[in-house]
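Asks: The structure follows.
Protein chains in written order, with this note's numbering: chain A, 7 to 100; chain B, 1356 to 1664.
Here it is, written out as structure tokens:
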């Protein structure tokens, strides 16, 4: 089974066309294995990205060095998955 | 849990449980609900549609599908709740009863069964189908980029490893092809509604183009009325607009295909949530989500019933 330990979901608040372009370039970088939940298309809309733990540092440094504001929306995807699994097991027992 | 009366709608369920529950729903409402198999998935799982009909021959109909993106679990769960709601409210809710006395409703709860099973067994974040392609180890196609509507255009990836890979050709995915064949052979659908989950939107065509469709003003008005009804329950806020204008340009989507086929009332929902949980919406939010969505769905269906074309 694939684990998502340490994966985070970042919400990026894009402010300029240039930042949009930079984010689009991240999307094309296959090595980072980013999972875009909301794609970079407009400065009016946030961009949500699930970032694998291995790529977190790279992505955060990239955003910070380009003055692109972001917040951590989900701190650890696996924590949520574990909660969900526990809930399903409890349901199953019930 | 497998009987329709003891089923827990406030829980996420496996494909097997959902399919068994569908049988119990049919058994409990034999004069209203039938289960049709419209084909099989890539991994040979049956693809079922629930037909709600009070009789008549090839009546005008409404199509609703859920779960084309596997990881959007509240979509499939809402499909289950909605099927039960339609079956139990018929004969009690005057408006729904009049709708079903005129029209049929077809509801597909798990449009991407292989992907759904994969989210239960291997990768909870899986979105695509599970088809294999020669020349790559990456599997699956985004089934909502695979329809013959601006196929391969902006907002879809040509990279088989991408989560928005459009596939080798339009309708290459058997799951998409099965729905296409069913809808085309029926020939009398008046509305086509696709249920996704994430970020609370109600959208109409187009996604492949940012130009307005000819019916945009009417679709916008229907959509606004629907989300107004939805928000009366918990105050949930939805945005309404064309796919291209309120989310992003995305080619090869199902409702663009249905609209171009002549099904005017084509809509796509993005259900809760705002992002705190992503695709991991807690199970205790299934029923609230489905309940509010029902108000919007009913609003659209009533409009379709009252505006024949």
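Ideal Cβ positions, reconstructed from N, Cα and C, are used throughout, including at glycine.
Identify the contact partners of residue 93/A in chain B, using a Cβ-Cβ distance below 9 Å as the criterion.
Replies: 1366, 1367, 1637, 1638, 1639, listed in chain order.
Asks: Return no unless some Cβ of chain A is closer than 7 Å to the Cβ of residue 1603/B.
Replies: Yes, because at least one Cβ of chain A sits closer than 7 Å to the Cβ of residue 1603/B.
Asks: Closest by CA to residue 1380/B, which one among 1402/B, 1396/B, 1416/B, 1440/B?
Replies: Ranking the options by Cα distance to residue 1380/B, first place goes to 1440/B.
Asks: Applying the criterion that 16 or more other CB atoms from any shown protein chain within 10 Å of the CB defines a buried residue, is residue 1599/B buried or exposed?
Replies: Its Cβ being crowded by 16 or more others within 10 Å, residue 1599/B is buried.
Asks: Is it buried or exposed for residue 56/A, if we count other Cβ within 10 angstroms and need 16 for buried?
Replies: Label assigned to residue 56/A: buried.
Asks: Below 6 Å CB to CB, which residues in the same chain sit around residue 1356/B once its five sequence neighbours on both sides are set aside?
Replies: Only weak support exists for where residue 1356/B lies, its pLDDT of 48 falling under 50; the coordinates are left without a value.
Asks: Using a cut-off of 7 Å between C-beta atoms, extract the partners of residue 90/A located in chain B.
Replies: Within 7 Å Cβ-Cβ: 1635.
Asks: Using a Cβ-Cβ distance cut-off of 7 Å, determine whether residue 84/A contacts chain B.
Replies: Not one chain B Cβ lies under 7 Å of residue 84/A.
Asks: Report the CB separation of residue 1471/B from residue 1370/B in whole angstroms; it is logged as a contact under 8 Å.
Replies: The pair is a contact, with the Cβ atoms about 5 Å apart (cut-off 8 Å).
Asks: What residues in the stretch 54 to 68 of chain A have a beta carbon less than 8 Å from any beta carbon of chain B?
Replies: Going along the stretch 54 to 68 of chain A in chain order, one finds 54, 56 with a Cβ nearer than 8 Å to chain B.
Asks: For the beta strand (DSSP E) that residue 1549/B lies in, which residues bound it at each end?
Replies: Its beta strand (DSSP E) spans residues 1544 to 1552.
Asks: Helix, strand or coil for residue 1333/B? Go by DSSP, reduced to three states.
Replies: Residue 1333/B cannot be examined here, being either before or after the span of chain B that is shown, 1356 to 1664.
Asks: In whole angstroms, what separates the C-alpha of residue 1638/B from that of residue 1503/B?
Replies: So the alpha carbons of these two residues sit roughly 35 Å apart.
Asks: In the DSSP assignment, the alpha helix (DSSP H) including residue 1658/B goes from what residue to what residue?
Replies: Residue 1658/B -> alpha helix (DSSP H) spans 1641 to 1661.
Asks: Quick check on residue 1555/B: does DSSP put it in helix, strand or coil?
Replies: If DSSP states are grouped into helix, strand and coil, residue 1555/B belongs with coil.
Asks: So residue 1529/B packs on residue 1394/B, CB below 8 Å; how close in whole Å?
Replies: Between residue 1394/B and residue 1529/B the Cβ distance is about 7 Å, and since that is below 8 Å, they are a contact.
Asks: Residue 1595/B and residue 1557/B - do their beta-carbons sit closer together than 7 Å?
Replies: Yes, Cβ-Cβ distance for residue 1557/B and residue 1595/B is below 7 Å.
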